[in-house]
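Here is the structure we will look at, set down as C-alpha cells.
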Amino acid sequence: MPERAPVIGRALREAVIALPNSSKSNITFSMVVNAAGPWAADLARLAEIGINEDLTVPLPVEPRLRYVFVVRPKRQMPFPRRSPDTTSPTPLPGLDTPFLIDPSRLFVERRGLSGEFVVYSDDPQWDIPRTGVR
Numbered sequence: 001m002p003e004r005a006p007v008i009g010r011a012l013r014e015a016v017i018a019l020p021n022s023s024k025s026n027i028t029f030s031m032v033v034n035a036a037g038p039w040a041a042d043l044a045r046l047a048e049i050g051i052n053e054d055l056t057v058p059l060p061v062e063p064r065l066r067y068v069f070v071v072r073p074k075r076q077m078p079f080p081r082r083s084p085d086t087t088s089p090t091p092l093p094g095l096d097t098p099f100l101i102d103p104s105r106l107f108v109e110r111r112g113l114s115g116e117f118v119v120y121s122d123d124p125q126w127d128i129p130r131t132g133v134r
C-alpha cells in the first residue's frame, strides 16, 4: 500500500455552537467527525478547511438533486424452468436478480424481499445546479 503524505494544518479543538433559542455554547473536543453528508463541504468551509494556507484543498462533497424511483411490477412471472413447479407465479424481481448498471449510469437493484426495484442514476448530465438545493 503506498504511503500517503501527512496532512499538515491547524487542529480544530473547539467550537461555538449557536442554539435554536439564540444562545451560544462553547465546546472543546479532541477529534471531529464531519458527518454532514451532502453538506460536508459547507461544514468544512465553516471550519475554514480548504480555504486557508494550512489546508488548501476543499472538501469535494456537495449536495446533488437526484431522483430515486421505487417500482413494483404488477405482472407475475413463472418460476424458471429448473423449478419443479412451472405453474406457480413468483413476484418480480426474483432473488437472483443482479445489481445492474447500464452504460448510461442507470442503476437498478432489487429491494430486499419486497418484490420492488430501486432505479436511479448518477450520470453528471442529469445534475441539477446547486442553486436552491438545501
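The letter at position 46 of the sequence shown is residue 46 when you use UniProt numbering, and the numbering goes up by one with no holes. Even glycine gets a Cβ: it sits at the ideal position worked out from N, Cα and C.
Whole-angstrom distance between residue j and residue i, CA atom to CA atom
{"i": "phenylalanine 107", "j": "glutamine 125", "result": "15 Å"}
{"i": "proline 73", "j": "glycine 115", "result": "8 Å"}
{"i": "glycine 50", "j": "alanine 44", "result": "7 Å"}
{"i": "alanine 33", "j": "arginine 64", "result": "In the sequence on display, residue 33 carries valine and not alanine. One C-alpha to the other measures close to 21 Å."}
{"i": "leucine 46", "j": "asparagine 26", "result": "15 Å"}
{"i": "alanine 18", "j": "lysine 24", "result": "5 Å"}
{"i": "valine 61", "j": "alanine 11", "result": "21 Å"}
{"i": "valine 133", "j": "alanine 40", "result": "Note that valine 133 has pLDDT 47, beneath the 50 cutoff, so the model's placement of it is unreliable and no number is given."}
Neighbour-count burial assignment, residue i, 16 or more Cβ in a 10 Å radius
{"i": "phenylalanine 117", "result": "buried"}
{"i": "residue 213", "result": "The structure shown does not extend to residue 213, since the chain is modelled only from 1 to 134, so the question has no answer here."}
Residues bridged to residue i (per DSSP)
{"i": "asparagine 26", "result": "Val16"}
{"i": "arginine 111", "result": "Glu116"}
{"i": "isoleucine 101", "result": "Phe107"}
Endpoints, alpha helix (DSSP H) assigned at residue i
{"i": "leucine 43", "result": "40-46"}
Nearest neighbour of residue i, chosen from the options [CA to CA]
{"i": "arginine 13", "options": "Tyr67, Ser30, Lys24", "result": "Ser30"}
{"i": "aspartate 123", "options": "Asp102, Gly112, Leu95", "result": "Asp102"}
{"i": "serine 121", "options": "Asp96, Arg66, Gly112", "result": "Arg66"}
{"i": "valine 71", "options": "Ser22, Asn21, Gly112, Glu3", "result": "Gly112"}
{"i": "valine 68", "options": "Pro58, Glu3, Val16, Val119", "result": "Val119"}
Endpoints, the beta strand (DSSP E) within which residue i is located
{"i": "phenylalanine 69", "result": "68-71"}
Cβ of residue i within 9 Å of any chain B Cβ
{"i": "glutamine 125", "result": "Among the protein chains of the structure shown there is no chain B, as only one such chain exists."}
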